[in-house]
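S.K.: If you scroll down you'll find the structure; I have some questions about it.
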Amino acid sequence: MLRRLLLLALLASPLPLAAQDRHITVASTTSTEQSGLFGHILPIFTRETGITVRVVALGTGQALDVGRRGDADVVFVHDRVAEQRFVTEGHGLARQHVMFNDFVIVGPEGDPAGITGSRDTAAALKRIAEANAPFISRGDRSGTHAAELRLWQQAGVDPATGRGGWYREIGQGMGPTLNTAAAQGAYALTDRGTWLSFRNRQGLGIVVEGDARLFNQYGVMLVNPQRHPHVKQAEGQRFIDWITSPAGQAAIAGYKINGEQLFFPNAAQAEPGG
Amino acid sequence: MNDLHSAVAQAISLVAAADPTLAQIVLLSLRVSLTAVLLAALVGLPLGALLAVARFPGRGAVVAMLNALMGLPPVVAGLLIYLLLSRAGPLGALGLLFTPTAMIIAQAVLVAPILAALTRQVMEGLWEEYAEQLRSFGASPARAVPTLLWDGRFALLTVLLAGFGRASAEVGAVMIVGGNIEGFTRVMTTAIALETSKGDLPLALALGLVLMTIVLAVNALAQGLRDRGLRLA
Numbered sequence: 002m003l004r005r006l007l008l009l010a011l012l013a014s015p016l017p018l019a020a021q022d023r024h025i026t027v028a029s030t031t032s033t034e035q036s037g038l039f040g041h042i043l044p045i046f047t048r049e050t051g052i053t054v055r056v057v058a059l060g061t062g063q064a065l066d067v068g069r070r071g072d073a074d075v076v077f078v079h080d081r082v083a084e085q086r087f088v089t090e091g092h093g094l095a096r097q098h099v100m101f102n103d104f105v106i107v108g109p110e111g112d113p114a115g116i117t118g119s120r121d122t123a124a125a126l127k128r129i130a131e132a133n134a135p136f137i138s139r140g141d142r143s144g145t146h147a148a149e150l151r152l153w154q155q156a157g158v159d160p161a162t163g164r165g166g167w168y169r170e171i172g173q174g175m176g177p178t179l180n181t182a183a184a185q186g187a188y189a190l191t192d193r194g195t196w197l198s199f200r201n202r203q204g205l206g207i208v209v210e211g212d213a214r215l216f217n218q219y220g221v222m223l224v225n226p227q228r229h230p231h232v233k234q235a236e237g238q239r240f241i242d243w244i245t246s247p248a249g250q251a252a253i254a255g256y257k258i259n260g261e262q263l264f265f266p267n268a269a270q271a272e273p274g275g
Numbered sequence: 003m004n005d006l007h008s009a010v011a012q013a014i015s016l017v018a019a020a021d022p023t024l025a026q027i028v029l030l031s032l033r034v035s036l037t038a039v040l041l042a043a044l045v046g047l048p049l050g051a052l053l054a055v056a057r058f059p060g061r062g063a064v065v066a067m068l069n070a071l072m073g074l075p076p077v078v079a080g081l082l083i084y085l086l087l088s089r090a091g092p093l094g095a096l097g098l099l100f101t102p103t104a105m106i107i108a109q110a111v112l113v114a115p116i117l118a119a120l121t122r123q124v125m126e127g128l129w130e131e132y133a134e135q136l137r138s139f140g141a142s143p144a145r146a147v148p149t150l151l152w153d154g155r156f157a158l159l160t161v162l163l164a165g166f167g168r169a170s171a172e173v174g175a176v177m178i179v180g181g182n183i184e185g186f187t188r189v190m191t192t193a194i195a196l197e198t199s200k201g202d203l204p205l206a207l208a209l210g211l212v213l214m215t216i217v218l219a220v221n222a223l224a225q226g227l228r229d230r231g232l233r234l235a
């Protein structure tokens with residue numbers, strides 16, 4: 002019965018699966034998709050190579066899971082520790098740097114923790130905890146969530162003590178986190194790209210930026226075709242080669258919102274700062 | 003209030019501009035949900051009618067189960083289909099995850115119990131009326147099913163619309179198994195969720211208004227068919 006149903010569903014789909022043009026599936030993060038970066042660079046890639054890219058935008062943790070299950074050809078995320086584990090465990094081939102941007106801490110108009118203009122993330126987070134000022138955490142195993150937890154550790158604060166009080170984990174993407182922070186007059190950690198393209202700011206504004214600890218590196222890797230033979234190795238590698246090539250890097254640098262560059266290509270760098 | 007105004011204005015200008023991206027999203031939404039309802043109907047309607055006429059041990063449990071499945075959370079259905087269709091899952095070789103086909107399957111799974119349960123309800127009433135008559139012709143319960151379905155076709159239209167409403171309104175299942183891929187698996191509800199994430203609430207609401215209008219149009223069309231059918235009958 003199930004087979005017959007599948008067959009019917011296939012018949013009902015006007016795209017014949019066999020005759021489709023060349024495409025790859027990239028598991029990536031909400032920050033790259035929602036900031037509009039992919040909308041800018043992917044058409045350029047498709048024009049040059051004839052390969053269309055299907056982006057599934059998730060948190061970094063989830064995106065790596067999709068790669069682990071073999072449901073994507075390429076993973077393009079931002080949590081170096083998790084990415085390296087992904088490669089050492091044999092799920093992905095050589096990870097490469099692509100670009101970086103930075104995180105910022107945003108906060109409400111009144112700034113109850115009094116941290117506006119600070120460049121010291123650790124001190125600022127400590128002040129937030131001491132002031133019991135509401136902080137919205139992604140709480141979703143994303144790259145941003147991992148970075149946030151590392152920052153709390155550096156600040157010597159265990160945010161779990163604020164659970165049920167000022168520390169609120171919503172388990173959702175960057176946008177919903179900012180929506181919640183805006184609605185509750187709370188602080189939040191966000192990547193600059195999503196912040197710049199975010200519309201529903203209400204009183205929210207950047208309070209901390211420019212700390213070296215807020216550096217945010219993106220990496221790309223091919224899902225291991227030895228584990229998942231259906232992975233489109235040639236096309237996937239083509240994408241990785243392109244995005245780390247001068248042409249791809251220039252496309253990334255060329256993406257701006259209101260004249261502000263969102264991502265800074267650094268594929269050539271072996272060991273970027275941060 | 004301003005947001006509401008600008009949502010309505012945006013909805014109108016989106017439709018007026020016949021934005022090709024929007025048109026593609028709308029068409030995919032309709033294709034996915036209508037196909038899902040069709041598939042679900044092929045299973046759900048006969049099953050519901052059969053349950054209405056058949057008497058067997060454990061029937062009560064099956065009916066209760068169907069009724070409970072009407073409340074199957076879309077996220078759970080999506081997750082089940084995801085695990086089935088994932089490359090690491092039993093049907094992984096088909097390569098269907100993150101395609102419109104996967105979305106159709108997920109919605110069909112959501113809708114089939116609704117169609118079956120509501121059909122049973124409708125058909126039970128009919129069966130009470132006609133049981134004697136059909137039996138006197140020597141029809142077995144199973145043979146009575148097509149007759150019942152045909153006789154109840156106008157009531158079943160409402161059942162189908164309820165299924166379509168469920169399919170076109172859900173976001174949890176199609177988000178998981180479709181992946182909300184731009185230009186490929188993005189439908190109205192996942193687009194609304196995305197714009198909400200981006201904080202563009204007026205645009206999200208505008209898309210919601212467009213979706214409601216389409217659902218209204220589908221319902222009006224069905225209503226029209228039904229009225230015409232009733233007049234002719």
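If you read the sequences in order, they're chains W and P.
So for the first sequence, my numbering puts the first residue at 2; every next one is plus one.
So for the second sequence, my numbering puts the first residue at 3; every next one is plus one.
Heads up, the beta-carbon is just placed ideally off N, CA and C, and yes, glycines get one too.
Since the model is a prediction, treat every value here as computed from it, not as a measurement.
Following a CB-centred definition, is alanine 183 of chain W positioned closer than 7 Å to any heavy atom of the ligand ADP?
M.R.: Of ligands this structure carries none, so the ligand ADP is not represented either.
S.K.: Is there a Cβ of chain W sitting closer than 8 Å to that of aspartate 202 of chain P, yes or no?
M.R.: Yes, its Cβ sits closer than 8 Å to a Cβ of chain W.
S.K.: By Cβ distance below 8 Å, which residues in the same chain neighbour histidine 41 of chain W in space, the five residues on each side in sequence not counted?
M.R.: Only Ala252, Gly255, Tyr256 meet the Cβ criterion.
S.K.: Proline 135 of chain W and tyrosine 188 of chain W - do their beta-carbons sit closer together than 8 Å?
M.R.: In this structure, proline 135 of chain W lies closer than 8 Å to tyrosine 188 of chain W by Cβ.
S.K.: Identify every run of the alpha helix (DSSP H) within the stretch 70-136 of chain P, keeping only runs that are complete inside it and at least 4 residues long; order them along the chain.
M.R.: Listed in chain order, they are 76-87.
S.K.: Per the DSSP calculation, asparagine 102 of chain W is bridged to which residue(s)?
M.R.: According to DSSP, which records beta bridges pairwise, asparagine 102 of chain W is partnered with W/Asn217.
S.K.: Using a Cβ-Cβ cutoff of 7 Å, what residues of the stretch 28-55 of chain P are near chain W? List them in chain order.
M.R.: Those residues of the stretch 28-55 of chain P that come within reach of chain W (Cβ to Cβ, closer than 7 Å) are Thr37, Leu41.
S.K.: With three or more beta-carbon pairs closer than 8 Å as the criterion, would you say the stretch 67-79 of chain P touches the stretch 54-69 of chain W?
M.R.: Counting Cβ pairs under 8 Å, fewer than three are found: no touch.
S.K.: Helix, strand or coil: which one does DSSP assign to glutamate 49 of chain W?
M.R.: The answer is helix: DSSP assigns glutamate 49 of chain W an H, G or I state.
S.K.: At a CB-CB cut-off below 9 Å, which residues of chain W make contact with valine 24 of chain P?
M.R.: Checking the sequence shown, residue 24 of chain P turns out to be leucine, not valine. Under the 9 Å cutoff, chain W gives no residues; its nearest Cβ is about 15 Å from leucine 24 of chain P.
S.K.: Here's a check: name, in chain order, each residue in its chain whose Cβ is nearer than 6 Å to the Cβ of glutamine 262 of chain W, leaving out the five neighbours to either side.
M.R.: Around glutamine 262 of chain W: no qualifying Cβ.
S.K.: Mark histidine 7 of chain P as exposed unless 16 or more other C-beta atoms lie within 10 angstroms of its C-beta, in which case mark it buried.
M.R.: Counting Cβ neighbours within 10 Å, histidine 7 of chain P comes out exposed, since fewer than 16 surround it.
S.K.: Is it buried or exposed, threonine 162 of chain W, if we count other Cβ atoms within 10 angstroms and call 16 or more buried?
M.R.: It is exposed - the Cβ of threonine 162 of chain W has fewer than 16 other Cβ atoms within 10 Å.
S.K.: In this structure, how does DSSP classify histidine 41 of chain W when only helix, strand and coil are distinguished?
M.R.: Helix at histidine 41 of chain W.
S.K.: Examine chain P for any beta-carbon lying closer than 8 Å to the beta-carbon of phenylalanine 199 of chain W, and answer yes or no.
M.R.: So, interface residue.
S.K.: On the three-pair Cβ rule with 8 Å, is the stretch 171-191 of chain P touching the stretch 104-121 of chain P?
M.R.: Yes, the stretch 171-191 of chain P touches the stretch 104-121 of chain P.
S.K.: Residues of chain W with CB closer than 7 Å to the CB of alanine 90 of chain P, please, in chain order.
M.R.: Within 7 Å Cβ-Cβ: Arg70, Gly71.
S.K.: Could you tell me if tryptophan 129 of chain P is buried or exposed, where buried requires 16 or more neighbouring beta carbons within 10 angstroms of its beta carbon?
M.R.: By the 10 Å Cβ count, tryptophan 129 of chain P comes out buried.
S.K.: Name the residue from P/Gly226, P/Asn4, P/Lys200, P/Leu87 whose alpha carbon lies nearest to the alpha carbon of alanine 183 of chain W.
M.R.: Alanine 183 of chain W has its Cα closest to that of P/Lys200, out of P/Gly226, P/Asn4, P/Lys200, P/Leu87.
S.K.: By DSSP's criteria, glutamine 97 of chain W is part of a beta bridge. Which residues make up the other side?
M.R.: DSSP output for glutamine 97 of chain W lists W/Val221 as bridge partner(s).
S.K.: Quick one: is valine 56 of chain W near chain P, going by C-beta distance under 8 Å?
M.R.: Taking Cβ atoms only, chain P reaches closer than 8 Å to valine 56 of chain W, which makes this a yes.
S.K.: According to the neighbour-count rule (16 or more other Cβ atoms, all chains shown, within 10 Å of its Cβ), is glycine 111 of chain W buried or exposed?
M.R.: When all chains shown are included, glycine 111 of chain W counts as exposed.
S.K.: Specify, as a first and last residue, the run of the beta strand (DSSP E) that phenylalanine 77 of chain W falls within.
M.R.: Note, phenylalanine 77 of chain W: beta strand (DSSP E), 75-78.
S.K.: Please list the partners that glutamine 35 of chain W has in chain C, where partner means a Cβ-to-Cβ separation under 8 Å.
M.R.: The chain labelled as chain C is not found among the protein chains of the depicted structure, namely W and P.
S.K.: Just the chain P side, please: which residues come within less than 8 Å of proline 160 of chain W by C-beta, in chain order?
M.R.: In chain order: nothing, as chain P lies at least about 23 Å away.
S.K.: Anyone know if the C-beta pair for leucine 96 of chain P and tyrosine 84 of chain P falls short of 8 Å?
M.R.: Cβ distance not < 8 Å, so leucine 96 of chain P and tyrosine 84 of chain P don't count as in contact.
S.K.: Hey, is glutamate 184 of chain P's beta-carbon within less than 8 Å of any beta-carbon in chain W?
M.R.: Cβ-Cβ to chain W under 8 Å: yes for glutamate 184 of chain P.
S.K.: Taking CB distances under 8 Å as the criterion, tell me whether phenylalanine 100 of chain P reaches chain W.
M.R.: At least one chain W Cβ lies under 8 Å of phenylalanine 100 of chain P.
S.K.: Use the C-beta contact count for proline 204 of chain P: other C-beta atoms within 10 angstroms, 16 or more gives buried, fewer gives exposed.
M.R.: That one is buried.
S.K.: Indicate the three-state DSSP secondary structure (helix, strand or coil) for leucine 205 of chain W in the structure shown.
M.R.: Coil, per DSSP.
S.K.: What does a CB cutoff of less than 7 Å around leucine 154 of chain P pick up in its chain, not counting 5 residues either side in sequence?
M.R.: One detail in the question is off: residue 154 of chain P reads as glycine in this sequence, not leucine. These residues qualify, in order along the chain: Val124, Met125, Leu128.
S.K.: Return the CA-CA distance between glycine 80 of chain P and alanine 108 of chain P, expressed in angstroms with no decimal places.
M.R.: Their Cα atoms are separated by approximately 6 Å.
S.K.: Could you tell me the alpha carbon to alpha carbon distance between serine 138 of chain W and valine 179 of chain P, rounded to whole angstroms?
M.R.: So the two alpha carbons sit approximately 26 Å from each other.
S.K.: So, for proline 48 of chain P: in the same chain, excluding its five sequence neighbours on each side, which residues have a beta-carbon less than 8 Å away from its beta-carbon?
M.R.: Hits under 8 Å: Val147, Leu151.
S.K.: If we count Cβ pairs, one from each stretch, closer than 8 Å, do we get three or more for the stretch 150-157 of chain W versus the stretch 230-240 of chain W?
M.R.: Cβ pair count under 8 Å is below three, so no.
S.K.: By Cβ distance below 8 Å, which residues in the same chain neighbour leucine 16 of chain P in space, the five residues on each side in sequence not counted?
M.R.: The answer, listed in chain order, is Leu24, Ala208, Leu209, Val212.
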